[in-house]
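Colleague: Residues 1 to 542 (full-length UniProt numbering) make up the sequence shown, in order.
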Amino acid sequence: MRIVVLGDFHIHPKEHHLTEKAIEHINSCKPDLVIPLGDFGCHSTIGSVEGLEQGYQFLRELKSQVRPILGNHDLQRETGPGKQLKGTMARKLAELYQLDEENGVMEYEHFRLFFVGTDPQPRESCYQIQECYVTDEHFAWIESKLKERPEVPCIFFTHAPPVGAALRTVPLVHVRATNAYLDQNHHFDRWPQLIQDYPSIKMWFSAHYHLGHDFEDSSTYRNGVTFFHTGVHSSYTRDGKRHSRVIDMDKGVIRVSTLDHETGDVRMQPDWSSLFNIWSMGDGSSGRNSIEYVRGELSCGIGGRDTNITKLVTMNENRLLAVTSDGFMWEVDYKLEAVFGTHHIGDPVHSAVISEDGLWKAWGRSLKKSDPCDPYRFVRELSETEIGEVLLLPEEISALAQRHGGGVWAACGRDLFEVIGSTYSLVQTFRERIVQITAEGGKLILLDEQGHLMKRDGTCYEAAVLAWDGVVCLGGERFVLLSAGSVYARSSGTGWFEQKPGRLVTAISRVHGLGPLHFAVALEATDEDPRSLVQIWEISLP
C-alpha cells in the first residue's frame with residue numbers, strides 16, 4: 001500500500017500552477033490513499049466553506065482515495081469567540097469528501113490509521129484562536145478506539161504534533177503564539193500519556209510548521225513512536241523546500257520517503273525505513289553525545305536564527321526560562337524537549353530571577369513581576385505590550401537577586417535597591433558599579449566591576465576577584481563552573497575537569513525533577529545550526 005501525506009494545503013491565489021503541478025506529482029506516484037493534513041484554501045478564504053471548496057477543486061483531480069482532516073486555520077472563524085456557526089467546517093469537509101465523520105479510523109488487517117482533526121475551542125478558554133485543539137469528547141473517543149484492537153499497530157495523522165515529539169519547530173511563529181503542539185493551552189500533557197498508555201501507537205504524521213524534510217529533527221523517535229513532520233507543496237514554505245511524505249507498506253516493511261515538488265521525484269533513499277514489522281520495532285532513538293565525564297541526555301532548540309541564550313533561570317519541576325539576546329524569554333520543558341512560549345518580547349532582558357512571590361525580570365530601567373503559572377503569562381503577539389505594572393528604577397538595572405520573603409534586590413549602577421511589591425528603597429551606595437548579586441537565605445554577596453566581593457553593608461570580603469560566568473552546586477561537594485564558553489567540574493578530592501563541547505556554552509543552571517547530578521547548559525548558535533540549544537547534562541565525577 002502506498003500513502004501520500006500532504007502538509008498544510010495553503011494555495012497562493014497567483015500560483016495555482018504550483019498546486020496543479022503538485023497534484024500531477026502525486027498522481028504520478030500512484031498512491032492508494034492521499035491524506036491532506038488541513039489548512040485549505042487561499043489566505044483570504046481560509047477558515048471558510050469557500051476555502052474548503054478551493055482546496056477541493058484541486059484535490060478532486062487526484063486518482064486515488066482522499067481522506068483529509070481539519071487544521072488550525074480551518075477553524076479560525078468558528079473557534080472560541082468566532083462568529084461562524086460551530087460545526088460548519090466539519091460538516092462541509094464530510095460533505096465534500098463523502099466522509100461519515102470528519103474524524104475517524106481506517107481499519108486494515110495489520111495496521112490502523114487514525115485521523116484526528118482540529119475542533120472548535122470553548123469561548124471561555126480560548127487563549128489562542130490558532131490552537132490545534134481537541135475536545136474532551138473527541139479525546140475520549142480516540143481512547144475508546146485504541147482499546148478495540150490493542151494488538152494492532154496504529155499510525156496517527158494530526159495537523160500539529162503532540163508535545164514531546166521533539167520535532168523542529170518555528171519559535172518566532174508557533175511557539176511564540178503558543179500553538180505549536182496539540183492542546184498546547186489546555187491539556188497538552190494528555191498526549192504523551194496517551195502514547196505511554198497505548199504502545200500500539202507506532203508512527204505519527206503532522207504538518208503545521210511549513211518546513212522541509214532535510215533537517216535532522218524533521219523526524220524523531222521518542223517513547224516508542226516515530227514522528228514525522230510533513231512539509232508544504234506551495235510557496236508558503238518557510239525554508240524554501242516543498243515536500244510531501246510518501247509511506248510504502250508491504251509485508252511488514254515500511255518505508256517513509258519524500259516527494260520533492262521541485263522535481264516531482266520520490267527520493268530513492270528513504271527518510272526512514274523499518275526492516276521489521278512495526279509492532280516489533282526496537283528502540284531506535286539516537287543516543288546523545290557522550291564525552292569524557294559528561295553525558296548529554298535531552299536537547300531542545302531555542303529561539304530564532306543567529307541568537308544566543310544569555311541566561312537560564314530555573315523555574316519549577318521540569319521547566320526553566322531561556323533568556324535570549326534578541327529580546328525573548330522562552331519557557332522550556334526539558335523533559336518534553338519542548339518550548340511553550342515567551343514571557344517577554346522587546347528589549348533584551350538583562351536579569352531574571354524566581355522569587356517567593358513570582359518571576360521578576362529586568363530590562364533597561366524596567367522591572368516587572370509576574371505569575372509564572374498564569375495561563376496568560378505568555379506574550380503571544382509581536383506588537384503586544386507588557387501587561388501589568390512595570391517599575392522604573394533610577395538607572396539601568398545591572399543585576400537581580402531573590403529576596404527572602406518575596407521581592408528582589410536590584411543593582412542600578414553603584415546603588416543597591418530593595419524591591420517589595422510595587423515599591424523600592426535605596427539600601428546602599430557602593431564605590432563601583434555592581435555587576436553580580438548572589439543571595440543565600442538572608443545573606444547577600446555583591447561583586448563590583450573592579451573585582452571587589454562585598455557584603456550588603458559594603459564591607460569587602462576579597463579584592464581582585466575574577467568572577468566566573470556561572471556556577472551550579474550539585475551537592476556532595478560537587479559543582480560545575482562556566483567560564484569563557486567551557487564548563488569545568490570538580491568533586492571533593494579530585495582535580496578540575498574541563499568539558500569543551502563542539503559549540504560554546506553561554507549559560508548553565510540547576511534543574512529540578514531529574515537526578516542530583518543533572519544540570520542545564522545553553523549552547524551557542526553556529527553556522528551549521530543557527531539555533532541556540534538547551535541541553536541537559538549529567539555529570540559522572542566520583
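Built from N, CA and C at the ideal position, the CB exists for glycine as well.
For the region 317-326 against the region 504-515, do three or more pairs of beta-carbon atoms, one drawn from each stretch, fall closer than 8 Å, so that the two count as touching?
Modeller: yes
Colleague: Mind listing, in chain order, the continuous beta strand (DSSP E) runs of no fewer than 3 residues lying wholly within the region 341-378?
Modeller: 351-355, 358-363, 366-370
Colleague: Under DSSP, the alpha helix (DSSP H) around Asp-197 begins and ends at which residues?
Modeller: 190-197
Colleague: So, for Ala-90: in the same chain, excluding its five sequence neighbours on each side, which residues have a beta-carbon less than 6 Å away from its beta-carbon?
Modeller: Glu-102
Colleague: Drop a sphere of 10 angstroms on the beta-carbon of Thr-459, count the other beta-carbons inside from all chains shown, and report buried for 16 or more, exposed for fewer.
Modeller: The residue in question, Thr-459, is exposed, as its Cβ has fewer than 16 Cβ neighbours within 10 Å.
Colleague: By DSSP, does Val-487 sit in helix, in strand, or in coil?
Modeller: strand
Colleague: In the region 117-194, which residue ranges form an unbroken alpha helix (DSSP H) of at least 4 residues, counting only runs that do not cross its ends?
Modeller: 136-146
Colleague: Straight-line CA distance for Asn-289 to Gly-224?
Modeller: In this prediction, Asn-289 scores a pLDDT of 32, lower than 50, which makes its location untrustworthy; the coordinate-derived value is nonetheless stated afterwards. Straight-line Cα distance between these residues: approximately 20 Å.
Colleague: Excluding the 5 residues preceding and the 5 following Asp-283 in the sequence, name in chain order all residues of the same chain whose CB lies nearer than 6 Å to its CB.
Modeller: Legend: pLDDT at Asp-283 = 38, less than 50; position of this residue unreliable, no value from coordinates given.
Colleague: Any contact of the region 398-418 with the region 335-352, i.e. 3+ C-beta pairs under 8 Å?
Modeller: Taking 8 Å as the limit for Cβ pairs, the verdict is that the region 335-352 does touch the region 398-418.
Colleague: Look at the alpha carbon of Phe-519 and the alpha carbon of Trp-537, and state the distance between them as a whole number of angstroms.
Modeller: One C-alpha to the other measures close to 6 Å.
Colleague: So which of Gly-388, Ser-366, Met-329, Glu-389 has the shortest CA-CA distance to Ala-410?
Modeller: When only C-alpha atoms are compared, the closest one is Ser-366.
Colleague: What separation, rounded to the nearest whole angstrom, lies between the Cα atoms of Val-313 and Pro-199?
Modeller: 35 Å
Colleague: To which residues does DSSP link Ile-35 through a beta bridge?
Modeller: Listed as beta-bridge partners of Ile-35 by DSSP are Val-5.
Colleague: Whose CA, out of Gly-41, Ile-35, Cys-126, lies closest to the CA of Gly-104?
Modeller: Residue Ile-35 is the option with its Cα nearest to Gly-104.
Colleague: Could you give the distance in angstroms between the alpha-carbon of His-16 and the alpha-carbon of Ile-23?
Modeller: 11 Å
Colleague: Across which residues does DSSP place Met-106 in a beta bridge pair?
Modeller: Leu-113
Colleague: Where does Gly-502 land, buried or exposed, given buried means 16+ other C-beta within 10 angstroms?
Modeller: exposed
Colleague: Run the CB neighbour count on Arg-531, radius 10 Å, all protein chains shown included, and call it buried at 16 or more, exposed below.
Modeller: buried
Colleague: Taking the straight line between their C-alpha atoms, what separation do you get for Thr-423 and Val-163?
Modeller: So the alpha carbons of these two residues sit roughly 40 Å apart.
Colleague: For Cys-412, report the span of its beta strand (DSSP E) as first-last.
Modeller: Here the beta strand (DSSP E) through Cys-412 covers 408-412.
Colleague: Report the CB separation of Thr-79 from Ile-3 in whole angstroms; it is logged as a contact under 8 Å.
Modeller: Incorrect: roughly 29 Å between the Cβ atoms, too far for contact.
Colleague: Looking at the strands, I want to know which residues DSSP matches up with Phe-58.
Modeller: Phe-58 is not bridged to any residue.
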